[in-house]
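In order, the protein sequence lines correspond to chains A and B.
Counted from 1, the first sequence has number 1430 at position 198 by this note's numbering; the numbering is strictly sequential.
Counted from 1, the second sequence has number 20 at position 4 by this note's numbering; the numbering is strictly sequential.
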Amino acid sequence: MMKKIILLITIILSILLTGCWNYRELKELSIVTGMAIDKNKENGKYIVTVEITTPKGQKDINMISDVISIEGDTVFDAVRLLILKNGKRLYWPHAKILIISEDIAKEGIFPALDFVNRDAEVRADIRILMSKDCNARNILQGKEKIHDSISFHMNDMMDAKDAVQYFRDARLWSFLNEISSKGIAPTLPKTFVIESGDEVVPEINGTAIFREDKYIGELDGLETKSFLIIIGEAKEGIYVIKDIGGSGESVTLESFGIKSKIKPEMVNGQLIVKIKVEMDASIGEITGIIDFMDDGKRKMLEEASREQIKKRLEDVIKKAQQEYDSDIFGFGNEIKYNMPNMWKEIESEWDDKFKEIKTEVDVSIQIKRSALLSKPIKKGD
Amino acid sequence: MRIERISNKQGVFTIILFVVGVSSIFTTGIEAGNDLWLSVICSVIFAIPAVAIYARINYLYPGKDLFDILEICFGKILGKIVGLLYVWFAFHLSSLVVRDFGEFYVTVAAPETPMIVPMLFVTLLNIWIIKEGIETIGKFVEIYVPFIIGLIIITVLLLIPQMEIDNLKPLLYNGIKPVLKGAFTDFSFPFGEIVIFTMIFSSIKKKGLSHFKIYFSGLFISGFIILISSTTDLLVLGADRVSEVYFPSYDAVRRLNVGNFIQRMEIVVSVVFLIGGFVKLSVCSLAACKGLTKVFGFKDYRFIVTPVALVKLNLAYLISDSIMDFISWSTHVWKYYAFPFQVVLPVIIVIVAEVKSRKSNLKKT
């Protein structure tokens, strides 16, 4: 009898007393979708801005987004102070993007990143961007028609990166990996606002280059495209080939399969980094009337595009070497993986060595398709 | 009193969960950097002779626990002293596992919950299962092992898109030394801890060679699982990240994302740890309670379970002040602290036992 009573009490209690003592209802939460960190130059405090989404309404629930910002001595301090303004605690796991201002990036990005990296609520796959020529908070404060939430809009833009390729996707973990590795210089996508009429729209374009944790230079959108080809992150893309064989006509190539391989080699006692790019392309657009589909002309087109793309890749490498002296391509890592003994020798002086390293770019392009048409549009003679 | 028995299969499964459980959240041997997988293989090879010794001890005196064997080999007083040392080892290990529960739960899931809460609940469950005896533990693992192994395999397969083979390169960059260091750490935790089983494996049903079979299949299967899980951590996170987070597997599974649909599977790691860690905790506490009973000459161990468990809970709470202390103690001190229990003493015991059993055999014939 006693046993049965105890069993009954146990069952009843386990039904009644379930749940956590610090549970939170959905309507009591403010879901953070994006975060921006600025620094106040006058007093050295951090300005943390978050975009929050709150479900509102009785029958039809709308997600209303709101942007709030506050100053604090450190990022975590400011995050807690946000409760003062918001009235509710913030819920972080759905935060999609983190924007760091150019000023912070110039001084060193660690103080801004540590909280995000350490805290258990923010996920390590949050995307990081650097705001250029404007405060980071201005981007979240922009207005945009398609989405209620700027953060979700930017997240969508970055999901579509394979089609555009004007920026490189950076997640918190991948960025931190690059910072901690000696054989590669970290990069972040650049973002800024454009004013069109009374709308302020955020845009992501180009790449910010870092040395260790400090921002030192940038690539524009087109250069970023070439940069992505070299590091093998461009899988498909659009490449405009201008002035083919002196004819003044342009062809737009659409490429579906790009393979790239970075391979360091010793040639006659000299270290050469060989970059081999293979591209399968189709003709996506022809501006003129020359029929590039026929055999001889196609060879000419392949030759011209090979030359032009090779030139672009070489230009980016030259820029990284001479202007910024930053190993954004991860040549150092490739040397480490393939020639560990060599890397041991040069690791300590890699920062100086990278500038002088010889590279050899080899591009091969095969034009395999021409979309629906086998001939260009004809002009009546 | 009825003698409690578990089958060979249950014995193997218990070893597997014992080894895999806690190691599913801590990745040890990261001294080896990107050669971690090599050091796991080395540590399994190191563990072969050690585990052979454990099996031999059980094999020489079938139906007897380590504590009985100690008294036979070293006489009453010395045997009891060494027995008490082993009781302390099992007891201490079990309180470390309780602490693991607390740290893991508080760090990853509920930072505002006092750590004593998860530790208290796991201790209460632990008291229950030990009072039920080793047969219940055997049945428990028989149900859960296929489930756990299935979960691990599925998770590893789903993580393949996030893996980067470059994380394993270059092979042996810093030479063989860090690999051996990592192998030593890996040996002391978790493989060397199999020594605990010499204290409870008097309960295996069949006699004779099956002890070797049980120990070795347990070692190889669990070694293989650990090889896979630590290599996965390494492939997904890279050596730097593995060495800087407290719970690498948890961090690796956070990356899992199949088509924005299957994601946030961290709970899998928690489940594996919860079940495996619980088995480890139960085996260690059972060994400690049985040892105390034998050393002080009581008949049944059950009346001692609750006080021992409560003392263990307190020890777990007081054992270190912070997670930083706790982790640095487990990585830097544990391997030297455990070495006498895992290698030195068993070697002495097996030599003495060998000599004594030969002598008694001679007398018989």
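Where a beta carbon is used, it is the ideal one built from N, C-alpha and C, also for glycine.
- Per the DSSP secondary-structure output, B/GLU20 pairs with nothing in a beta bridge.
- Those residues of the stretch 222–256 of chain B placed with their C-beta closer than 7 Å to a C-beta in chain A are GLY254, ASP256, ordered along the chain.
- Checking the DSSP bridge columns, you'll see A/LYS1491 partnered with A/GLU1510.
- For the 8 Å CB-CB criterion, A/GLY1415 and A/TYR1556 do not form a contact.
- Against chain A, a Cβ distance below 7 Å from B/TYR189 picks out PRO1572.
- Interface residue (Cβ-Cβ distance to chain B less than 8 Å): A/LYS1328 is not classified as such.
- In this structure, DSSP gives B/TYR262 a state outside helix and strand, which the three-state scheme calls coil.
- Look at A/GLY1266 here: in three-state DSSP terms it is strand.
- Distance from the CA of B/PHE29 to the CA of A/THR1285, rounded to the nearest whole angstrom, comes to 48 Å.
- Of all residues in the stretch 1353–1386 of chain A, only ARG1355, ALA1356, ASP1357 place a beta-carbon less than 7 Å from a beta-carbon of chain B.
- The bridge partners DSSP lists for A/ARG1403 are A/ARG1359.
- At a cut-off of 8 Å, the C-beta of B/LYS185 has a neighbouring C-beta in chain A.
- An exposed status is given to B/ILE278, since fewer than 16 other beta-carbon atoms sit within 10 Å of its beta-carbon.
- Out of A/MET1233, A/GLU1303, A/MET1295, A/GLU1260, the CA that lies nearest to the CA of A/TYR1278 is found in A/GLU1303.
- Secondary structure in the stretch 1446–1474 of chain A: the alpha helix (DSSP H) runs of 4 residues or longer, each lying completely within the stretch, are 1453–1462 in chain order.
- Within the DSSP bridge table, the entry for A/ARG1443 names A/LYS1446 as partners.
- The secondary-structure analysis by DSSP pairs A/LEU1420 across a beta bridge with A/ALA1440.
- Sequence-distant Cβ neighbours of A/LYS1590 in its own chain, meaning closer than 8 Å and more than five residues away, are GLN1502, LEU1503, ILE1504, VAL1505.
- Straight across, the Cα-Cα distance linking A/TYR1398 with A/SER1458 is about 9 Å.
- Against chain A, a Cβ distance below 9 Å from B/ASP267 picks out ALA1356, TRP1405.
- Assignment of beta-bridge partners to B/ILE343 by DSSP yields no partner.
- Residue state for A/ARG1601 is assigned as strand, using DSSP reduced to three classes.
- Counting only residues of its own chain and dropping the five nearest sequence neighbours on each side, A/ALA1268 has a CB closer than 6 Å to the CB of THR1281, ILE1331, ALA1368, ARG1369, LEU1372.
- Between the C-alpha atoms of B/TRP104 and B/TYR262 there is a straight-line separation of about 27 Å.
- Within the stretch 176–241 of chain B, complete alpha helix (DSSP H) segments of at least 4 residues are found at 193–204, given in chain order.
- For A/LYS1550, the uninterrupted alpha helix (DSSP H) run begins and ends at 1527–1550, by DSSP.
- For A/LYS1393, the nearest beta carbon of chain B is not closer than 8 Å to its own beta carbon.
- For A/GLY1304, the uninterrupted beta strand (DSSP E) run begins and ends at 1294–1304, by DSSP.
- Boundaries for A/LEU1330: no alpha helix (DSSP H) harbours it, while the beta strand (DSSP E) harbouring it runs 1329–1333, taken from the DSSP string.
- Taking the Cα of B/GLN26 as reference, the smallest distance to any Cα among B/TYR160, B/GLU148, B/GLU119 is reached at B/TYR160.
- For A/SER1580, no Cβ of chain B is located within less than 8 Å of the residue's own Cβ.
- Between A/PRO1434 and A/GLY1374, the CB-CB gap stays under 8 Å.
- Per DSSP, the unbroken alpha helix (DSSP H) holding B/THR322 starts and ends at 321–334.
- In the DSSP assignment, B/TYR77 falls outside any beta strand (DSSP E) and carries neither an H nor an E.
- Interface flag for A/LYS1506 against chain B is unset, since no Cβ pair is found closer than 8 Å.
- In this structure, the beta-carbon distance from A/MET1511 to A/ILE1597 falls below 8 Å.
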